[in-house]
Amino acid sequence: MRLQDRVAIVVGAGQSPGEGIGNGRATALTFAREGAKVLCVDHHLDSAQETVDLIAAKGGTAVAFKADVTKNADLKAMVADAHGRWGSVDILHNNVGVSLSGGDAELLDITEEAFDRCVAINLKSCILAAKHVIPIMRQQQRGSIINISSMAAITTYPYVAYKATKSAMIAFTEQLAYQNAQYGIRANVILPGLMNTPMAVDTRAREFKKSRAEVEAERDSKVPLRKKMGTGWDVANAALFLASDEASFVTGVTLPVDGGASVRRG
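Note that the UniProt record's numbering has the sequence shown beginning at 1, numbered continuously upward.
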């Protein structure tokens, strides 16, 4: 019960269609298992409710909340709901992000519409969610913000908007950490590597007209550790550490969860 009596908002607590479990759903389940009350936020309310039902089946506490994260009013309402319902907001976990599913592409092929969409979902949502939660956390003199970036930020990733926004998320998290340390608020960012999640694998299988097994094998072959991708649970466990008191002296950190991919050079 490492998060007993904490209130957590998990943005992106549903998941894309496909096999396995997504980072957001795994994190919501993990937070709830460790005692947190979890507001499960997603654009698709039915998917968020599926996460809530999984939590309730294990005796946890969670509520589904529908939000379009590109809309400031929705993010403000999200924070107000959690705070009004449970009296505090101790953890904000920003997990939403799109690349191929948002129309992202290489430089010569990307459209203005796709670029704007990716920026709004990946970066603007993270900044505005923090804007609304920071006043509550400052008043409480405590809080943990965990942003999910990507190894794409520091590796040779080909698609423009995803790489740019996930890189910017690291800089924003460092700014959050520095400017809010005096209030007891911590901010850290996780960089997942190649993960076996519905968004990462099933989306690529559909986009590139390959079987899931083909995409899975190709991605597995690129991972140094055991030649096997990570799962949503690996990201969730990292997030649990950063959300818990075990990380009480950890802020401004960029944490790769990547099976060793980031240690390769050249």
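Glycine included, every Cβ here is placed at the ideal spot set by N, Cα and C. Computed from a prediction, not measured in an experiment: that's the story for all the values here.
Only buried fits V96, as 16 or more other CB atoms lie within 10 angstroms of its CB. Within its own chain, the residues whose Cβ lies closer than 8 Å to the Cβ of A238, once the five positions on either side in sequence are excluded, are I190, L255 and V257, listed in chain order.
Ranking A261, I145 and D220 by CA distance to the CA of R6 puts I145 first.
Our two residues, E34 and H93, have alpha carbons roughly 15 Å apart in a direct line.
Remark: C-beta atoms of D202 and E50 do not approach each other more closely than 8 Å. Assignment of beta-bridge partners to V11 by DSSP yields V41 and N94. Pairing D42 with G22 gives a Cβ-Cβ distance that is not under 8 Å.
Apart from sequence neighbours up to five positions away, the residues of its chain that approach E174 with a beta-carbon distance below 7 Å are G252, ordered along the chain. Bridge pairing for I190: I148 and L255 [DSSP]. For D68 and Q15, the gap between their C-alpha atoms comes out near 14 Å. A contact is defined here as three or more CB-CB pairs under 8 Å, and the stretch 182-197 meets this definition with respect to the stretch 132-149. Counting of Cβ neighbours within 10 angstroms places F31 among the buried residues, the total reaching 16 or more. Straight across, the Cα-Cα distance linking S149 with A57 is about 30 Å. The C-beta distance from V89 to V133 rounds to 5 Å, short enough to meet the 8 Å contact threshold.
Between P17 and P192, the C-beta gap is not smaller than 8 Å, which leaves the two residues out of contact. In this model, K37 and L108 are separated by some 45 Å (Cα to Cα). Here the alpha carbon of M195 sits roughly 23 Å from the alpha carbon of A171. Boundaries of the beta strand (DSSP E) harbouring V63: T61 to K66, taken from the DSSP string.
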